[in-house]
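Engineer: Going by the working numbering, the sequence shown runs without a break in its numbering and finishes at 292.
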Amino acid sequence: MFKHKKSLGQNFLINKELIKKIADIATITNETQIIEIGPGKGSLTKELLKKNPKKVHAIEFDKDLINSLEILRKDYNNFSYEINDALNVNEKKIFNKNAIIYGNLPYNISLKLLIKWIYSDPWPPFYNQMIIMFQKEVAHRIIANCNDKKYGRISILTNSRLDVKFHFNVSKNDFDPRPKVDSSVLSFYPKQKSKFTLTDLNILSELTKTIFNNKKLIVMEDCMCGTEIIGDGYIKIASGFAVVAYCAQTVNLERNILIEPEFVKILKKNKLWAENMEKLFSPEQYIIDVP
């Protein structure tokens with residue numbers, strides 16, 4: 002008998018109506034190629050296979066679930082699976098384009114997988130849609146805009162390359178075993194014309210790490226968003242090592258950003274910023290206020 006492993010974050014969705022609702026988010030045809038992360042016992046997998054896609058390939062970490070996956074493999078000739086760590090899988094070798102990623106991700110690796118897919122290279126990536134369930138609080142951080150207290154690094158990194166849509170929340174009571182928190186289902190769509198290269202993403206990651214770790218050192222003037230004005234991926238280091246940015250969702254050209262002296266010292270220590278200060282965007286795309 003299969004035993005759930007707490008260490009792997011195994012919480013299987015058991016609400017059949019919700020499983021069908023999640024499967025129905027994507028438009029699936031006989032040309033659709035699906036990668037499912039963490040199929041578990043195959044409840045969602047089976048619902049996807051009923052839609053007769055071209056192929057469903059599942060990646061499962063727990064070898065104790067092989068028996069459940071073998072049943073599906075024997076029943077559906079368009080289903081395959083592998084026992085592997087999704088963090089180490091090269092998905093482009095499975096489907097090199099137009100894939101849909103489905104996943105009820107373990108909470109302990111959910112953001113690591115999202116960042117992995119944000120960093121896909123080349124861009125546009127091998128997928129054209131991702132439908133993923135996250136812990137509700139994590140989902141809030143992903144979709145937060147610049148007026149939200151949950152707004153942070155993952156909001157910015159996601160928005161640099163992906164459009165995100167919130168679908169619905171899922172109660173913890175719909176899982177077995179029952180987790181401590183509720184979940185949310187999000188879908189992601191690659192921004193086809195995103196200008197962010199891998200180098201740009203690394204710069205962006207460094208910028209946001211320092212900014213959000215030192216928010217108390219940033220003084221904002223005439224800005225309702227506070228530190229959250231730094232958003233939508235439009236971040237740049239300008240002369241004087243001032244942070245230059247705007248949030249496209251709430252842009253206001255009268256807003257400006259003042260940097261405390263201590264924060265300037267932090268910026269000057271980061272050679273990556275100085276070397277790439279003219280890298281990301283052209284001058285007309287940002288607001289400048291150097292103290």
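Backbone N, C-alpha and C fix where the C-beta goes; we use that ideal spot for every residue, glycine too.
1) Give the range of the alpha helix (DSSP H) segment to which Ser44 is assigned.
2) Please name the residue, chosen from Asn146, Lys150 and Pro180, that lies closest to Ile157 on a Cα-to-Cα basis.
3) Where do the ends of the beta strand (DSSP E) carrying Leu163 lie?
4) Quick one: what's Ser111 bridged to in DSSP?
5) Between the region 128-147 and the region 52-67, can you find at least three pairs of beta-carbon atoms closer than 8 angstroms?
6) Using a Cβ-Cβ cut-off of 7 angstroms (strictly less than) and excluding sequence neighbours within five positions of Phe169, which residues of its own chain qualify?
7) On the three-state DSSP scale, how would you describe Asp25?
8) Sort out for me which residues DSSP pairs Tyr77 with in a bridge.
9) Can you tell me the Cβ-Cβ gap for Tyr108 and Ile132, rounded? I've got them flagged as a contact below 8 angstroms.
10) Bridge partners of Phe135, per DSSP?
11) Return yes when the Cβ of Leu45 is within less than 8 angstroms of the Cβ of Ile72, no when it is not.
12) On the criterion of 16 or more Cβ atoms from any shown chain inside 10 Å, does Val139 qualify as buried, or is it exposed?
13) Looking only at DSSP bridge pairs, what is Asn105 linked to?
14) From Lys210, Thr209, Ile26 and Ile15, pick the residue whose C-alpha is nearest to that of Lys166; which is it?
15) Does the distance from the C-beta atom of Ile95 to that of Ile36 stay below 8 angstroms?
16) Determine the extent of the beta strand (DSSP E) in which Ala59 is found, giving its start and end residues.
17) Apply the 10 Å Cβ neighbour rule to Asn1 and answer buried if 16 or more other Cβ atoms are within range, or exposed otherwise.
18) According to the neighbour-count rule (16 or more other Cβ atoms, all chains shown, within 10 Å of its Cβ), is Lys47 buried or exposed?
19) According to DSSP, what are the bridge partners of Phe176?
20) Between Ser172 and the rest of its own chain, which residues show a CB-CB distance below 7 angstroms, the 5 nearest in sequence each way excluded?
21) Apart from the five residues on each side of it in sequence, which residues of its chain come closer than 7 angstroms, Cβ to Cβ, to Ile116?
22) Taking its Cβ as the centre, do 16 or more other Cβ atoms sit within 10 Å of Tyr190, making it buried, or is it exposed?
Structural biologist: Walking through what the data contain:
1) It spans Ser44 to Leu50 - the alpha helix (DSSP H) in which Ser44 sits, taken as one unbroken run.
2) Selected option, being the one with the closest Cα: Asn146.
3) Counting along the chain, the unbroken beta strand (DSSP E) around Leu163 starts and ends at Leu163 to Val171.
4) Per DSSP, none; premise fails for Ser111.
5) Contact between the region 52-67 and the region 128-147 is absent, because fewer than three Cβ pairs lie under 8 angstroms.
6) Closer than 7 angstroms at Cβ, skipping near neighbours: Val186.
7) Under the three-state reduction of DSSP, Asp25 is assigned to coil, being neither helix nor strand.
8) Answer is none; Tyr77 lacks a bridge partner.
9) About 17 angstroms separates the two Cβ atoms, so there is no contact after all.
10) Its beta-bridge partners are Ser185.
11) No, the Cβ-Cβ distance between Ile72 and Leu45 is not below 8 angstroms.
12) With a threshold of 16 other beta carbon atoms within 10 Å, Val139 meets it and is buried.
13) According to DSSP, residue pairing for Asn105 in a beta bridge involves Met134.
14) Comparing Cα-Cα distances from Lys166 to each of Lys210, Thr209, Ile26 and Ile15, the minimum goes to Ile26.
15) Cβ atoms of Ile95 and Ile36: closer than 8 angstroms.
16) Run containing Ala59: Lys56 to Glu61, per the beta strand (DSSP E) assignment.
17) Since the first and last residues shown for the chain are 2 and 292, residue 1 lies out of range.
18) By the 16-neighbour rule on beta-carbons within 10 angstroms, Lys47 is buried.
19) Per DSSP, Leu14.
20) Contacts found: Asp183.
21) So the list reads Leu158, once near-sequence residues are dropped.
22) Using a 10 angstroms sphere on the CB of Tyr190, the tally of other CB atoms stays under 16, which defines it as exposed.
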